[in-house]
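Undergrad: Before we start, here is the structure in question, set down as structure tokens.
Next comes the structure, spelled out in structure tokens:
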């Protein structure tokens, strides 16, 4: 239910980003940041409101990752995330995680209390420190990235990353880097074949025709 509320809210608000893209200037990044943050906050509020109206649903939550392409002279990507849904970039045969997981164990890794290898098998590795719909106020992270021709962007839920390592994700998408529909199908099928213990959601797009203009396919 929480995921559906967030999706419906963002779908309703998404057209407001069109006005930002149509008139790029020096303040476009600031406006896009404000708008994406506001969209996430309103989606967060929709969960809290629904839970208040339906007490048995109190405490429901979900995670979020979303991206917006800024058509500046040199196109840039703005990514927002809450929780452990991730954004990845595949470039020149390398997979890079663009977001940081909001989990207890990820905080331990950043603080040096655990190594990445220890975190990978820790029993509490999926305990969230941030999520949509749980706290009164939303905390999200935002990141900017420069884009290159041929980049493949992946947005995914933890249903994918619980089942596949980063190395396996890269191996799976490499043959389909320029055909995002096949990349998403391959990732979902591979995750399900590996056990599929959670819902698997994947969105993929390729960036082409840079620097003259940017297209998403």
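Numbering (this note's numbering), first residue to last: 828 to 1044.
Backbone N, C-alpha and C define an ideal beta-carbon position, used for all residues, glycine too.
Computed from a predicted structure; not experimentally measured.
1) From residue 1006 to residue 999, what does the alpha carbon distance come to, in whole angstroms?
2) Would you list, in sequence order, the uninterrupted beta strand (DSSP E) runs of no fewer than 3 residues that lie entirely inside the segment 892-945?
3) Give the single residue among 1011, 892 and 1013 whose Cα lies nearest to the Cα of residue 868.
4) Going by alpha carbons, who is nearest to residue 1023 out of 984, 1004 and 997?
5) Does DSSP put residue 1006 in a helix, in a strand, or in coil?
6) Using the Cβ count rule (16 or more neighbours within 10 Å means buried), how would you classify residue 1032?
7) If you draw a straight line from the C-alpha of residue 942 to the C-alpha of residue 934, how long is it?
8) Please classify residue 861: does DSSP put it in a helix, a strand, or coil?
9) Measure how close the beta-carbons of residue 1010 and residue 1004 come, nearest whole angstrom, since I'm counting them as under 8 Å.
10) On the three-pair Cβ rule with 8 Å, is the segment 987-997 touching the segment 965-978?
11) Measure the beta-carbon distance from residue 930 to residue 986 and round it to whole angstroms, keeping in mind my assumption that it falls under 8 Å.
12) Let me know if residue 871 comes out buried or exposed under the rule of 16 or more other beta-carbons within 10 Å of its beta-carbon.
13) Can you grab the Cα-Cα spacing for the pair residue 841 / residue 988, in whole Å?
14) Whose C-alpha, out of 946, 910 and 990, is nearest the C-alpha of residue 926?
TA: Let me spell this out:
1) 12 Å
2) Complete beta strand (DSSP E) runs here, min 3: 903-909, 913-918 and 921-924.
3) 892
4) 984
5) coil
6) buried
7) 11 Å
8) helix
9) 7 Å
10) no
11) Actually they do not touch by this definition, with Cβ atoms about 15 Å apart.
12) Answer is buried; the Cβ neighbour count reaches 16.
13) 26 Å
14) 910
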